[in-house]
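These notes are about the structure you will find just below.
Protein chains in written order, with my numbering: chain A, 1 to 191; chain B, 1 to 195; chain C, 1 to 224.
What follows is the structure, given as structure tokens:
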């Protein structure tokens with residue numbers, strides 16, 4: 001039950017993009033087509049889950065015993081950058097079909113603040129390893145949900161007549177605001 | 001080969017330089033950060049326990065070691081008209097969703113509880129955080145050093161209904177503090193001479 | 001001198017981030033609940049951006065092309081940890097309010113984007129001017145956006161009460177949906193202004209900045 005609530009809260013109530021303001025660059029940048037959005041979302045779920053598990057171990061087994069907690073940011077970003085490189089090489093060699101699907105999104109993930117953000121949130125909330133991993137996967141799923149929804153709306157938007165000043169970014173942001181408002185309604189669900 | 005060697009040298013040079021800079025910056029800011037954390041994290045709860053004191057409790061803090069314990073207590077004094085009227089320190093116990101920290105104040109020289117305030121609260125929102133509300137914490141005001149248990153365990157503290165685990169944890173933390181206070185009471189009385 | 005001045009001022013209007021150069025949206029949306037949060041975030045970004053541009057530019061001949069991104073990340077992360085320590089020591093309440101967005105400066109694309117697109121190709125004085133200008137522009141935008149949301153959402157600016165007690169705060173503005181809509185409308189306003197100016201000069205209207213990773217430099221470099 002505890003984990004069920006955690007998952008629902010991470011996907012809907014505290015949606016990482018629409019309520020916590022993380023990962024907005026790919027949310028607004030890579031949401032032109034539903035296919036791209038699914039690919040990007042899949043890559044993010046994969047990397048976020050792995051990165052949170054590894055950074056959790058780095059924090060508890062390496063930084064805290066040595067009294068180096070203040071180096072958290074630098075340690076985490078290096079772990080994430082190295083992990084993304086490694087995943088890219090691994091997929092290229094071992095699973096070429098998956099690499100073809102996700103490969104082009106991987107380099108963009110290092111600078112996706114959702115990855116580092118989720119890893120740090122897990123530490124600040126003092127979650128255990130399992131809870132961190134579940135939270136990370138659920139949050140990333142929330143990211144994918146928002147991304148796919150946004151892409152679906154944008155595909156419709158291509159045929160709509162948008163005032164010139166609003167074209168491009170502005171209408172994207174306003175759409176995001178409306179989606180965020182809709183997701184805001186979930187916050188009553190879990191007290 | 002030369003290219004690879006150069007990459008490794010440059011990277012380790014930059015990493016080494018960054019480590020050195022940060023280590024020295026950490027050294028320089030360490031005491032300042034500690035003071036800021038105490039002022040902004042513990043400070044507000046100190047104000048709740050002892051109002052209208054005339055000293056800076058964070059600056060005047062001292063550390064004590066209760067006999068037989070391997071932990072240190074940072075004790076914050078409260079002074080009025082130059083005299084020590086009370087001390088506060090923080091203890092913690094395991095709650096529902098992590099540690100509950102409780103700042104516990106004692107009057108000096110009477111040695112009664114002056115009040116408590118919850119400092120760190122990672123409990124389920126809405127449930128556990130009810131112990132931080134007024135009704136629960138005011139029970140401790142003026143309480144003696146004994147009988148610090150919930151009614152269900154033979155003491156005289158009322159638990160917050162629906163938040164038994166958090167109430168138990170907060171009470172256990174207060175009880176621990178009372179024991180620590182008894183152990184170092186003599187030392188405390190001498191630590192801040194009249195001015 | 002003229003060139004340095006040009007690099008410094010371009011960040012203040014022509015390429016002002018995040019309005020014209022759409023970079024670093026997450027902190028823009030997250031910390032602009034009030035004007036002083038926006039200002040504080042902006043100052044932290046100025047510090048990191050200027051010094052990171054300085055370091056990257058000074059080391060640009062030394063850093064091998066293959067590991068340059070790794071080097072940029074190490075430099076940026078070091079500066080961010082430095083900012084975290086300084087903020088904790090001197091501005092703890094601000095550090096608490098900005099929360100995880102202080103460590104997240106390291107993945108703000110504005111830092112790595114400027115390192116890759118500008119500092120690694122230009123001499124030190126121009127890079128510092130670019131970093132300072134972009135940082136100032138970012139601070140200006142965040143403070144303005146923060147002030148706008150604070151006025152509407154709380155009826156205050158920098159904590160000063162503007163209206164009488166009869167004012168009913170429009171609390172939508174300080175929540176997440178308000179952040180998106182507000183930024184969207186400001187960007188639309190910038191577009192309208194540009195086109196109005198162009199029309200007066202007799203030029204054809206243009207569309208505002210899109211958001212693809214071209215503006216981020218880093219991603220563009222990776223695609224090569």
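Cβ coordinates follow ideal geometry from the N, Cα and C atoms, glycine included.
{"Query": "Proximal residues, the stretch 58-72 of chain C versus chain B, C-beta separation under 8 Å", "Result": "59, 62, 63, 64, 66, 67, 70 and 71"}
{"Query": "Proximity of residue 203/C and residue 173/A at Cβ, strictly below 8 Å", "Result": "no"}
{"Query": "Cutoff 7 Å; reference residue 14/A; Cβ partners in own chain excluding five residues on either side", "Result": "20"}
{"Query": "Residue 21/C to residue 15/C span [Cα, whole Å]", "Result": "5 Å"}
{"Query": "Residue 161/B (DSSP reduced to helix, strand or coil)", "Result": "coil"}
{"Query": "Unbroken stretches of the alpha helix (DSSP H), 4 residues or longer, contained in the stretch 95-127 of chain A", "Result": "96-102, 106-109 and 113-124"}
{"Query": "Residue from 110/C, 155/C and 90/C whose Cα sits closest to the Cα of residue 39/B", "Result": "90/C"}
{"Query": "Cutoff 8 Å: residue 33/B Cβ touching any chain C Cβ", "Result": "yes"}
{"Query": "Residue 137/A versus 122/A, 35/A and 161/A, residue with shortest Cα-Cα distance", "Result": "122/A"}
{"Query": "Residue environment, residue 201/C, which counts as buried when at least 16 other CB atoms sit within 10 Å", "Result": "exposed"}
{"Query": "Residue-level contact to chain B via CB, residue 3/A, 8 Å cutoff", "Result": "no"}
{"Query": "Minimum Cβ-Cβ distance from residue 65/B to chain A less than 8 Å", "Result": "no"}
{"Query": "Where the stretch 84-108 of chain C meets chain B: residues whose CB sits under 8 Å from a CB there", "Result": "85, 86, 88, 89, 90, 92, 93 and 96"}
{"Query": "Identity of the residues DSSP links to residue 198/B by a beta bridge", "Result": "Any property of residue 198/B remains undetermined from this structure, which presents chain B solely from 1 to 195."}
{"Query": "Under 8 Å between C-beta atoms of residue 119/B and residue 86/B", "Result": "no"}
{"Query": "Top-ranked residue by Cα proximity to residue 8/A, from 166/A, 134/A, 109/A and 156/A", "Result": "134/A"}
{"Query": "Element boundaries [alpha helix (DSSP H), containing residue 149/A]", "Result": "129-157"}
{"Query": "Continuous beta strand (DSSP E) stretch holding residue 114/B: start and end", "Result": "113-120"}
{"Query": "6 Å CB neighbourhood of residue 224/C in its chain, flanking five on each side removed", "Result": "With a pLDDT of only 34 at residue 224/C, under the threshold of 50, the placement of this residue in the model should not be trusted, and no figure is reported."}
{"Query": "Residue-level contact to chain B via CB, residue 218/C, 8 Å cutoff", "Result": "Because residue 218/C carries a pLDDT of 45, less than 50, the predicted location of this residue cannot be relied on, and the following value inherits that uncertainty. No - not a single Cβ of chain B is within 8 Å of the one on residue 218/C."}
{"Query": "Listed by chain order, chain B residues near residue 71/A by CB distance under 8 Å", "Result": "22"}
{"Query": "Under the three-state DSSP convention, the category residue 168/A falls into", "Result": "coil"}
{"Query": "Neighbour list for residue 111/A in chain C, Cβ cutoff strictly below 7 Å", "Result": "107, 109, 112 and 218"}
{"Query": "Beta carbon of residue 126/C nearer than 8 Å to that of residue 4/C", "Result": "yes"}
{"Query": "Contacts around residue 80/C, its chain only, beta-carbon distance under 8 Å, and the 5 residues preceding and following it disregarded", "Result": "48, 102, 103, 105 and 106"}
{"Query": "Endpoints, the alpha helix (DSSP H) within which residue 55/C is located", "Result": "35-58"}
{"Query": "Closest by C-alpha distance to residue 36/C, when choosing among 166/C, 184/C, 129/C and 157/C", "Result": "157/C"}
{"Query": "DSSP three-state assignment for residue 55/A, whether helix, strand or coil", "Result": "helix"}
{"Query": "Beta bridge counterpart(s) of residue 86/B as assigned by DSSP", "Result": "78/B and 107/B"}
{"Query": "Within 8 Å, strictly: CB atoms of residue 113/C and residue 149/C", "Result": "no"}
{"Query": "Exposure label - residue 160/A; buried when at least 16 CB within 10 Å", "Result": "exposed"}
{"Query": "Every unbroken alpha helix (DSSP H) inside the stretch 67-121 of chain C [4 residues or more]", "Result": "68-90, 92-98 and 109-117"}
{"Query": "Three CB pairs or more closer than 8 Å across the stretch 57-69 of chain C and the stretch 1-10 of chain B", "Result": "yes"}
{"Query": "Reduced DSSP category for residue 157/C - H, G, I as helix; E, B as strand; rest coil", "Result": "strand"}
{"Query": "Under 7 Å from the C-beta of residue 26/B: neighbouring residues of chain A", "Result": "70"}
{"Query": "Neighbourhood of residue 216/C by C-beta distance below 6 Å, restricted to the same chain and skipping five residues each side", "Result": "The pLDDT assigned to residue 216/C is 49, lower than 50, so where the model puts this residue is not dependable, and the model offers no usable value."}
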